[in-house]
Amino acid sequence: MTKLWGGRFQKSAEAWVDEFGASIGFDQQLVMEDIEGSKAHVTMLGIQGILPQADVALILDGLQQLQVKAEAGELAFSVANEDIHLNLEKMLIDLIGPVGGKLHTGRSRNDQVATDMHLFLKKRVGEVIGLIENFQKTLLKQAEQHVETIAPGYTHLQRAQPISFAHHLMAYFWMLERDKQRYTESLKRIDISPLGAGAMAGTTFPIDRLKSAELLGFGDVYANSMDAVSDRDFIVEFLANSSLLMAHLSRFAEEIIIWSTDEFKFIELDDAFSTGSSIMPQKKNPDMAELIRGKSGRVYGNLMGLLTVLKGTPLTYNKDMQEDKEGMFDTVHTVLGALKIFEGMVATMTVNTERLHSAVHSDFSNATELADYLAAKGMPFREAHEVTGKLVFTCIQRGIYLLDLPLTDMQQESTLIEADIYDVLAPEAAVRRRNSLGGTGFEQVRVQLEKAQAALA
Ligand code: ARG
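See the structure below:
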């Protein structure tokens, strides 16, 4: 089988060598973008009078037929034709005859593949942003239900201070908001057309790069043809943004897993997002959350992979760059899947408000209230901390909590403590009174929910 680029070759590579060099196994995912890019290119060639309109019409018609077949999944790709670009060009020529060979006028696979990647990523980043927003809406809805649900807040995974459960959920809302901003901001650098850069130096044909860019809906064109075919920064950025998103999802997943344990029992996941054990009939495992936590690994790996591929490649195109694809496809697939699953998991989970309530009433997470109380009465905070610590110790020895400690015992450590301390120590009060901007006080949480609504609007 002769290669489309076979003219200067005396013999062909063996099949296993072809196999190693081929990208068709994975770059067939670019089929729609490749056809779209070709349509724009040939249309521009016609407008510029570089190709006769009759040829352009034939080529466009052939491309259209290929597109219909591609949509129906009827294209049979071949490793012998190396990649998506040569496969489609070969099919076009088979379909409409030698005139199909005019499509590649004034173009190289180097600007072609870069164009495909830009088109592909632009679409997918749009989808990612949409799914993030959807997840944020679900988080917001859950949070609205739980403004006054008191829960233990942690540092070091040790009970720290009581919080509104909504406040905890909303922390993830804001992480996702930043993720969304990062993806949105990155679109500026994805939405650029490399088409017309040729192999790397531009072309002798009087092409109109602005025209083809416009036909493809790009907002800008690369100013430098060498940069245009060499740049994979936009993919690195996508992988970096996705890594951070996955880090956020993974942290949240970890909490979901902890909260679902018998030890915590703060939430229960819906059956639809849980799995059973093949041996232990009682089990209900948070597999989806674990899997999302685990999948962060492959996304980080894809980022490291591409950074390493690019490092040390001289300008301009090098075959190394073919290695940009699988990691990107895999990341798109992983991120879209993880966002969809997580949204469903949070939308359907049951929050065990009673359990959260009792958890907060059986710990020392109100100790800061006592220290603040004393500090507000003029005792230096460091001293108040010491006094409170001693009272906590007394309670631990007696097997009780601060709210159970008689006033007289408290007053032995400080006469500043009066009967109103019990109101202050109530976990609800501890939350309500944390009314500093961005704090967990109910009022502040409501302000935050409004801010979140505005961010989504
Ligand atoms: N399959 C190639 C890739 O993905 C397309 C570009 C090939 N260009 C070349 N000069 N060999 O990078």
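With the numbering used here, the residue at position 171 of the sequence shown is 168, and numbering never jumps.
Just so it is clear, CB atoms sit at the ideal spot from N, CA and C, and this is done for glycine as well.
Ligand 1 and residue i: does the residue's C-beta get closer than 7 Å to at least one heavy atom of that ligand?
i: V110; result: yes
i: S20; result: yes
i: H38; result: no
i: Y314; result: yes
i: R106; result: yes
i: H115; result: no
i: D31; result: no
i: Q319; result: yes
i: K177; result: no
i: H245; result: no
i: H82; result: yes
i: D455; result: Examination of residue 455 is not possible in this model, given that the chain is present from -2 through 454 alone.
i: K0; result: no
i: K322; result: yes
For residue i, does the three-state DSSP call read helix, strand or coil?
i: G195; result: coil
i: T40; result: helix
i: E265; result: strand
i: G98; result: helix
i: S247; result: helix
i: I160; result: strand
i: Q155; result: strand
i: T328; result: helix
i: G150; result: strand
i: V348; result: strand
i: T272; result: strand
i: A335; result: helix
i: F75; result: Note on identity: in this sequence residue 75 is Ser, with Phe being the wrong assignment. S75: coil per DSSP, three-state reduction.
i: E260; result: coil
i: I47; result: coil
What's the call for residue i, buried or exposed, on a 16-neighbour Cβ count within 10 Å?
i: A51; result: exposed
i: D80; result: buried
i: L27; result: buried
i: L312; result: exposed
i: W256; result: buried
i: Q158; result: buried
i: V442; result: buried
i: E260; result: exposed
i: D321; result: buried
i: K280; result: exposed
i: S355; result: exposed
i: F439; result: buried
i: P49; result: exposed
i: S274; result: exposed
i: Q445; result: buried
i: S9; result: exposed
i: A416; result: exposed
i: I191; result: Sequence check: residue 191 is Pro here, not Ile. Label assigned to P191: buried.
Could you tell me whether any Cβ in chain B is nearer than 8 Å to the Cβ of residue i?
i: R352; result: Absent from the structure: chain B. Only one protein chain is present.
Checklist line | Completely contained alpha helix (DSSP H) runs for the stretch 174 to 230, where each covers 4 or more residues | finding: 206 to 212 and 222 to 227
Next item on the list: Give, in chain order, every unbroken run of the alpha helix (DSSP H) that is at least 4 residues long and sits entirely within the stretch 355 to 432.
Entry: 364 to 373, 378 to 395, 404 to 410, 418 to 422 and 424 to 429
Next item on the list: Just list the alpha helix (DSSP H) runs in the stretch 4 to 33, keeping only unbroken ones of 4 residues or longer that don't cross its boundaries, in chain order.
Entry: 12 to 18 and 21 to 24
Margin query: Quick check on the DSSP output: what are the complete alpha helix (DSSP H) runs of length 4 or more inside the stretch 281 to 313, in order along the chain?
Written below: 284 to 307
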